[in-house]
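Take a look at the structure below.
In the numbering used here, the protein residues as written are 5 to 693.
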């Protein structure tokens with residue numbers, strides 16, 4: 005199962021370098037009097053000079069139309085730019101004056117190198133006169149005079165190298181990732197120029213800004229993008245990002261987690277060794293800190309593989325974690341918070357928690373805490389600016405899968421998840437939160453037997469419901485107000501209300517049960533949020549406890565000890581229903597024993613004693629009491645019935661024996677009966693058998 009993580013990456017998009025002025029062409033018109041004599045100092049500026057930052061001329065006196073081609077050269081880590089310039093002197097001579105141009109100033113992309121110029125005629129020159137972070141200003145000499153209504157064609161060439169440095173830099177050219185701005189060259193309001201961009205085979209290209217048609221696939225497999233004929237070159241701008249599977253340079257680093265060593269295999273693009281140093285260093289330092297804060301052992305693959313990736317591979321996010329493969333893909337532009345956030349996913353992933361928002365919430369929380377402990381400045385996700393995110397804030401339970409929400413909603417959800425994680429940590433404290441995480445890792449149920457015994461487990465991976473139960477079990481008080489504020493959707497609120505009522509009822513029945521444990525079926529229903537089932541079982545449990553009270557009262561009146569079988573039935577798999585059946589059986593047995601005791605004759609006359617000569621109902625009654633206390637209800641009932649029957653029929657049996665035996669024999673039998681009665685009384689008095 006794959007997990008994408010971290011806020012959406014904006015590294016490719018922000019601060020795109022745009023054309024820095026309204027008119028990037030500056031020229032000076034030189035005037036000659038007819039007849040060839042100089043009418044003034046050579047180079048006098050008669051027309052407007054519109055250098056960088058100047059205003060666009062309404063009608064340029066020198067027009068420039070350029071067909072500009074950008075060739076992406078990953079091997080050379082550069083853009084190779086070729087511009088075929090066509091310059092035309094649009095200024096009209098007068099009767100007395102003749103005008104010409106012999107140079108022009110042109111602004112191109114910043115950071116250029118290897119600039120050159122050529123033409124079919126003359127010896128043009130080009131030199132860099134100014135460099136800024138926004139543009140490079142070139143001075144181009146024509147090598148000849150360009151007179152009124154004449155045109156000149158020049159070919160300008162320069163390289164735009166990858167400057168290196170920040171991973172978020174504007175211009176980046178490598179084997180796996182290329183991104184750069186595209187300018188058109190020319191004078192404003194001068195139609196006719198074009199722009200062509202060529203990528204080598206294998207790239208997936210995204211046009212982030214501007215309009216270009218394509219790609220066309222060239223015979224060699226290159227991808228070609230074209231602007232078409234431009235109405236106004238200074239109105240054109242584009243920004244492109246190209247990605248392809250690059251070659252990786254692997255390195256291995258190790259870190260200590262508890263008492264063992266974890267290897268971290270770093271797979272950086274061959275042209276980006278800085279990524280391995282930056283990301284690998286923070287992983288090696290951050291993993292032990294996060295592990296200590298979380299309090300859980302690392303249970304993933306060893307080595308942990310961390311691979312550099314571009315945004316297309318990551319779906320626009322900062323990272324992707326595959327716990328089964330033990331691989332983290334981390335953005336080439338990942339910042340410290342994102343790196344630590346991804347490291348925290350070694351613990352917080354689909355194995356520990358099922359819901360996306362829980363995984364992201366705790367990964368963000370522990371990334372933030374690890375950054376503070378390491379002294380690394382981190383920038384956790386923040387909610388969108390007021391007015392842009394309030395209307396897109398959603399309950400965390402409504403936060404859909406990766407890629408299903410718009411970026412503003414994603415940002416709001418990441419920020420809300422972190423806010424909730426902070427609130428949870430504040431409620432429980434560090435140790436309490438560690439115990440909750442440990443319970444989740446062990447799949448431990450929040451509803452455990454009150455009086456000890458084996459720990460009950462829940463086979464399900466913890467979701468938002470199980471997490472809430474575990475938190476409240478640890479806190480010892482409700483925390484569902486946090487769920488109502490951040491988590492619950494409208495359809496979840498009735499479920500939370502039913503939960504609160506069921507938990508109150510559950511607690512009341514636990515108190516009523518005293519030393520008895522509630523049946524496991526109740527805990528199961530509560531654990532799975534089957535509150536209707538739980539309420540029904542709790543109703544039955546209360547009935548069973550009422551029966552317990554009736555059994556205890558009846559047993560006390562009868563001088564009996566309640567057997568353990570009633571408690572065992574209540575706590576066993578049969579649940580309260582089985583306990584009720586057991587209680588009814590015990591009450592029936594008590595009634596039988598009471599009936600047997602009531603059947604004892606008030607006086608044992610000689611005739612009664614004669615009828616009891618060969619039976620011992622008193623012993624049977626005592627045996628019935630002992631059987632009841634041991635939980636042998638069938639035996640208790642049988643022995644009590646035997647005692648009752650013996651007493652109930654003793655007189656009749658004695659008379660039969662006396663009459664049937666004759667007078668002499670009757671006297672002997674009667675004497676034996678009296679002797680037997682005396683012996684039994686003596687045995688009862690001495691306790692002998």
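Cβ atoms here follow ideal geometry from the backbone N, Cα and C, with glycine treated the same way.
- Contact annotation: residue 90 and residue 114 have beta-carbon atoms that are not nearer than 8 Å.
- Considering only 253, 202, 206 and 236, the residue with the shortest C-alpha distance to residue 230 is 202.
- For the alpha helix (DSSP H) assignment, the uninterrupted runs of no fewer than 4 residues enclosed by the region 387-454 are, from N- to C-terminal side, 411-445.
- Contact between residue 309 and residue 287 is ruled out by a C-beta separation of about 11 Å, above the 8 Å threshold.
- Taking the CA atoms as reference points, residue 162 sits about 23 Å from residue 207.
- At a Cβ-Cβ threshold of 8 Å, residue 297 and residue 355 do not count as neighbours.
- Looking at the DSSP output, residue 183 shares a beta bridge with 176 and 245.
- Between the alpha carbons of residue 352 and residue 271 lies a gap of roughly 22 Å.
- In this structure residue 133 is exposed. Its beta-carbon is surrounded by fewer than 16 other beta-carbon atoms within 10 angstroms.
- Closest by C-alpha distance to residue 450, out of 204, 430 and 481, is 481.
- Boundaries of the alpha helix (DSSP H) around residue 346: 340-348.
- Sorting 268, 300, 253 and 406 by C-alpha distance to the C-alpha of residue 277 places 253 at the top.
- In this structure, residue 209 lies near residue 246, with their beta-carbon atoms less than 8 Å apart.
- Per DSSP, residue 116 is not a residue of any alpha helix (DSSP H), being assigned neither H nor E.
- Note on geometry: alpha-carbon atoms of residue 442 and residue 495 lie some 30 Å from one another.
- Within the region 101-171, there are no complete alpha helix (DSSP H) runs of at least 4 residues.
- Taking all protein chains shown into account, residue 220 has fewer than 16 neighbouring C-beta atoms within 10 Å of its C-beta and is therefore exposed.
- Counting the other CB atoms within 10 Å of its CB gives residue 195 a total below 16, which places it among the exposed residues.
- In the three-state scheme derived from DSSP, where H, G and I count as helix and E and B as strand, residue 260 is classed as strand.
- 589 is the residue among 130, 599 and 589 whose C-alpha sits nearest the C-alpha of residue 638.
- The Cβ-Cβ distance between residue 323 and residue 293 does not fall below 8 Å.
- Note that the region 528-548 does not touch the region 590-609; fewer than 3 beta-carbon pairs, one per stretch, sit closer than 8 Å.
- Between residue 225 and residue 78, the CB-CB gap reaches or exceeds 8 Å.
- With contact defined as three or more Cβ pairs closer than 8 Å, the region 560-570 and the region 494-510 are not in contact.
- Here the region 564-582 lies against the region 631-650, with 3 or more beta-carbon pairs under 8 Å apart.
- Residue burial is scored here from C-beta neighbours: residue 569 has at least 16 other C-beta atoms within 10 angstroms and is therefore classed as buried.
- Of the candidates 127, 144 and 153, 153 places its Cα closest to the Cα of residue 94.
- In the DSSP assignment, residue 190 is bridged to 69.
- Between residue 529 and the set 473, 116, 375 and 137, the nearest pair of CA atoms involves 473.
- Looking only at 160, 408, 508 and 412, the smallest Cα-Cα distance to residue 387 is reached by 412.
- Proximity to residue 369 across 336, 400 and 429 peaks at 429, based on C-alpha coordinates.
- Just measuring C-alpha positions, the residue of 238, 488, 155 and 548 sitting nearest residue 514 is 548.
- The beta carbons of residue 119 and residue 142 sit closer together than 8 Å.
- For residue 64, the closest of 190, 608 and 460 by C-alpha to C-alpha distance is 190.
- Under the three-state reduction of DSSP, residue 617 is assigned to coil, being neither helix nor strand.
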